[in-house]
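So for the sequence shown, this note's numbering puts the first residue at 4; every next one is plus one. C-beta: ideal position from N, C-alpha, C; glycine also. For reference, the structure is listed below as structure tokens.
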Amino acid sequence: MTFEQHAHSFGAAADAYERGRPGYPTAVAEWLAPEPVALAVDVGAGTGKFTRTLLPRASTVTAIEPDTAMRARLADALPSVPVVDGAGEAIPLADGTADLVTFAQSWHWVEPTAGAVEVARVLRPGGVLGLVWNIRDESLPWSARLGELLTRPESRITQYDHPLVGEPFDGGEYRTFPWVHEQSRSDFLDMVASRSYVIVMAADARDRLLRAVEELLDTAPETAGRSTVPVPYVTHVHRYVRP
Numbered sequence: 004m005t006f007e008q009h010a011h012s013f014g015a016a017a018d019a020y021e022r023g024r025p026g027y028p029t030a031v032a033e034w035l036a037p038e039p040v041a042l043a044v045d046v047g048a049g050t051g052k053f054t055r056t057l058l059p060r061a062s063t064v065t066a067i068e069p070d071t072a073m074r075a076r077l078a079d080a081l082p083s084v085p086v087v088d089g090a091g092e093a094i095p096l097a098d099g100t101a102d103l104v105t106f107a108q109s110w111h112w113v114e115p116t117a118g119a120v121e122v123a124r125v126l127r128p129g130g131v132l133g134l135v136w137n138i139r140d141e142s143l144p145w146s147a148r149l150g151e152l153l154t155r156p157e158s159r160i161t162q163y164d165h166p167l168v169g170e171p172f173d174g175g176e177y178r179t180f181p182w183v184h185e186q187s188r189s190d191f192l193d194m195v196a197s198r199s200y201v202i203v204m205a206a207d208a209r210d211r212l213l214r215a216v217e218e219l220l221d222t223a224p225e226t227a228g229r230s231t232v233p234v235p236y237v238t239h240v241h242r243y244v245r246p
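Right, here's the structure in full:
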């Protein structure tokens, strides 16, 4: 399965993505934009998980999403937010119009040199580029076991602690935000099913994986007998200022 196929697989599971994927702590958007800005742009917005977090931080938020099904799901969820076709290397906005451009769970799908040039074009001088990743905290035994089940050779390796970013975004600041996402068991299984390499699995392999995850939920002390699943996350955030 190619990189492009993984990158464009999410639309096939847009509803599962919306139900299963976590949101983001409000503190993340507050750190990226300590004072509210005029225009924030969320690139690779998916179904609008991080877009929602940006709404209190900007007068206008525009979502950029290349997948048709994901755009439709975002438009249903956030009808007041403009959502347009585009990508990190091709943002359909005029030069110097944005105060904040974010990539939440999406920068690893972008060619970093071309993406940085395009973001620098769209940002005004002094504007901010924010790269955001929700990563499960695998310090707990059950979460570590989940990580073992979900790790596959064909999965995309995410450089969330030291992302590759081209010029002119040198240096930057880095913070982490630990938190717990409490979700229903069915939504948790949707989270697993919405991972790109799970979407493109053969049906029998996907079913085996989901059964193994259900068995883990039934046996782990932290989750057995519970109707909800407390999923520990650390949100990794990088903040760069355009010169």
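| field | Among 184, 171 and 164, nearest to residue 177 - alpha-carbon criterion | value | To locate residue 177, count along the sequence shown from 1; it is residue 174. Checked all of 184, 171 and 164; the closest Cα to residue 177 is 164.
Roughly how many whole angstroms lie between the Cα atoms of residue 27 and residue 208? As a first step, residue 27 must be located in the sequence shown, where it is residue number 24. As a first step, residue 208 must be located in the sequence shown, where it is residue number 205. Approximately 30 Å, taken between the alpha carbons.
Nearest-angstrom Cα separation, counted from residue 238 out to residue 214
The sequence position of residue 214 within the sequence shown is 211, counting from 1. The sequence position of residue 238 within the sequence shown is 235, counting from 1. Distance between the alpha carbons of residue 214 and residue 238: 28 Å.
* Check residue 181 in the structure and name its three-state DSSP category. => Your numbering for residue 181 matches position 178 in the sequence shown. It is a strand residue.
To which residues of the same chain is residue 77 closer than 8 Å at the C-beta, ignoring the five residues directly before and after it?
Here residue 77 is taken as the residue at index 74 of the sequence shown, counted from 1. Result list for residue 77: 48, 49, 50, 51, 54, 66, 68, 84 and 86, in chain order.
* Exposed unless 16 or more other CB atoms sit within 10 angstroms - verdict on residue 147 -> Counted from its first residue, the sequence shown places residue 147 at position 144. Residue 147 should be labelled exposed.
Should residue 201 go down as buried or exposed, given a rule of 16 or more other Cβ atoms within 10 Å for buried?
Residue numbering aside, residue 201 sits at position 198 when the sequence shown is read from its first letter. Buried, since its Cβ has 16 or more Cβ neighbours within 10 Å.
Through-space distance from residue 162 to residue 109, alpha-carbon basis: What you label residue 109 is simply residue 106 of the sequence shown in a count that begins at 1. What you label residue 162 is simply residue 159 of the sequence shown in a count that begins at 1. C-alpha separation (whole angstroms): 11 Å.
For this session: Go ahead and pull the three-state DSSP assignment for residue 222.
Result: Numbered from its first residue, the sequence shown carries residue 222 at position 219. If DSSP states are grouped into helix, strand and coil, residue 222 belongs with the helices.
Notebook entry, point to check: Hey, would you say residue 102 sits closer than 9 Å to residue 40, going by beta carbons?
Noted result: The count along the sequence shown starts at 1 and reaches residue 102 at position 99. The count along the sequence shown starts at 1 and reaches residue 40 at position 37. Cβ distance < 9 Å, so residue 102 and residue 40 count as in contact.
message = Among 35, 18 and 19, whose alpha-carbon lies nearest the alpha-carbon of residue 179?
response = As a first step, residue 179 is located in the sequence shown; it is residue number 176 there, counting from the start. Nearest C-alpha to residue 179: 35.
Query - Straight-line gap, residue 240 to residue 71 (C-alpha atoms, nearest Å) - result: Along the sequence shown, read from residue 1 onward, the residue named residue 240 stands at position 237. Along the sequence shown, read from residue 1 onward, the residue named residue 71 stands at position 68. Whole-angstrom Cα-Cα distance: 27 Å.
Whole-angstrom C-beta distance between residue 57 and residue 64, which should lie under 8 Å | Translated into positions along the sequence shown, residue 64 becomes position 61. Translated into positions along the sequence shown, residue 57 becomes position 54. Yes, residue 64 and residue 57 are in contact; Cβ-Cβ is about 5 Å, under 8 Å.
Exercise for review: Determine the closest residue to residue 225 out of 185, 125, 43 and 130, with distance taken between C-alpha atoms.
Suggested key: Reading the sequence shown from its first residue, position 222 is the one you call residue 225. It is 185.
Notebook entry, point to check: Between residue 191 and residue 145, what straight-line distance do the alpha-carbon atoms span, to the nearest angstrom?
Noted result: Translated into positions along the sequence shown, residue 191 becomes position 188. Translated into positions along the sequence shown, residue 145 becomes position 142. Answer to the nearest angstrom: the Cα atoms are 14 Å apart.
Discussion item. Measuring alpha carbon to alpha carbon, tell me which residue in 33, 212, 59 and 223 is nearest residue 154.
Written reply: Residue numbering aside, residue 154 sits at position 151 when the sequence shown is read from its first letter. Nearest of 33, 212, 59 and 223 to residue 154, Cα basis: 212.
Mind checking which residues open and close the alpha helix (DSSP H) that includes residue 62?
Taking the sequence shown and counting its residues from 1, one reaches residue 62 at position 59. Run containing residue 62: none in the alpha helix (DSSP H); it sits in the beta strand (DSSP E), 61-67.
Under a three-way DSSP split, which group does residue 27 fall into? Locating residue 27 in the sequence shown gives position 24, where the first residue counts as 1. Reduced to three states, the DSSP call for residue 27 is coil.
Three-state class that DSSP yields for residue 231 in the structure shown:
Sequence index remark: in the sequence shown, residue 231 carries index 228 (1-based). DSSP places residue 231 in strand when its eight states are reduced to three.
- Alpha carbon to alpha carbon, what distance is there between residue 21 and residue 158? In the sequence shown, counting from the first residue as 1, residue 158 sits at position 155. In the sequence shown, counting from the first residue as 1, residue 21 sits at position 18. Because residue 158 carries a pLDDT of 44, less than 50, the predicted location of this residue cannot be relied on, and no value is offered for it.
#### Entry: Beta-bridge partners of residue 106, as assigned by DSSP
Numbered from 1 along the sequence shown, position 103 holds the residue referred to as residue 106. For residue 106, which the question treats as bridged, DSSP gives the partners 46 and 134.
Comparing C-alpha positions only, which one of 82, 25 and 216 sits nearest to residue 234? As a first step, residue 234 must be located in the sequence shown, where it is residue number 231. The residue with the shortest Cα to Cα distance from residue 234 is 25.
- Message: I'd like to know whether the C-beta atoms of residue 112 and residue 133 end up nearer to each other than 9 Å.
- Response: Against the sequence shown, residue 112 aligns to sequence position 109. Against the sequence shown, residue 133 aligns to sequence position 130. It is not a contact, given that the beta carbons lie outside the stated cut-off.
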